[in-house]
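Novice:
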Amino acid sequence: GGPVGLSTLAIGVGEQPETVEDVHEPFLIQLGLIARTPRGRIALPAAYSHMGVEMPAGSEEHAAQTRSLFED
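In my numbering, the protein residues as written are 1 to 72.
1) Does DSSP classify Val53 as helix, strand or coil?
2) Give the DSSP bridge partners of Val4, in chain order.
3) Report the partner residues of Ala35 according to the DSSP bridge assignment.
4) Going by beta carbon distance, what residues of the same chain come within less than 8 angstroms of Ala46, once the five residues before and after it are set aside?
5) On the three-state DSSP scale, how would you describe Glu18?
6) I think Ala10 touches Val23, with their Cβ atoms under 8 angstroms apart; what is that distance to the nearest whole Å?
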């Protein structure tokens with residue numbers, strides 16, 4: 001449930017890091033499914049809702065900090 005680095009994410013989806021960063025990531029950010037933080041990428045509540053699973057314990061804290069950055 002914590003932040004994930006770009007390389008780890010790229011390996012997980014079988015893409016080059018540049019492809020994830022330039023193609024997939026902007027789309028997922030626009031949909032509100034992920035956010036970039038200084039520690040890595042995090043799944044937002046909308047991502048868990050879309051997949052039909054509950055957010056792991058502790059993920060709410062990361063998501064709340066990220067949302068506050070964009071809600072000002």
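No residue lacks a Cβ here, since even glycine has one placed at the ideal position from N, Cα and C.
Specialist: If we stick to the structure as given:
1) Locating residue 53 in the sequence shown gives position 53, where the first residue counts as 1. The answer is coil: DSSP assigns Val53 none of H, G, I, E or B.
2) Residue mapping note: residue 4 aligns to position 4 of the sequence shown, counting from 1. Note: Val4 sits in a beta bridge opposite Arg41.
3) Your numbering for residue 35 matches position 35 in the sequence shown. Partner(s): Ile42.
4) Along the sequence shown, one-based indexing puts residue 46 at 46. Leu31, Gly32 and Leu33.
5) Here residue 18 is taken as the residue at index 18 of the sequence shown, counted from 1. Reduced to three states, the DSSP call for Glu18 is helix.
6) By 1-based counting over the sequence shown, the position of residue 10 is 10. By 1-based counting over the sequence shown, the position of residue 23 is 23. With 8 angstroms as the limit, Ala10 and Val23 do not qualify as a contact, their Cβ atoms being about 11 angstroms apart.
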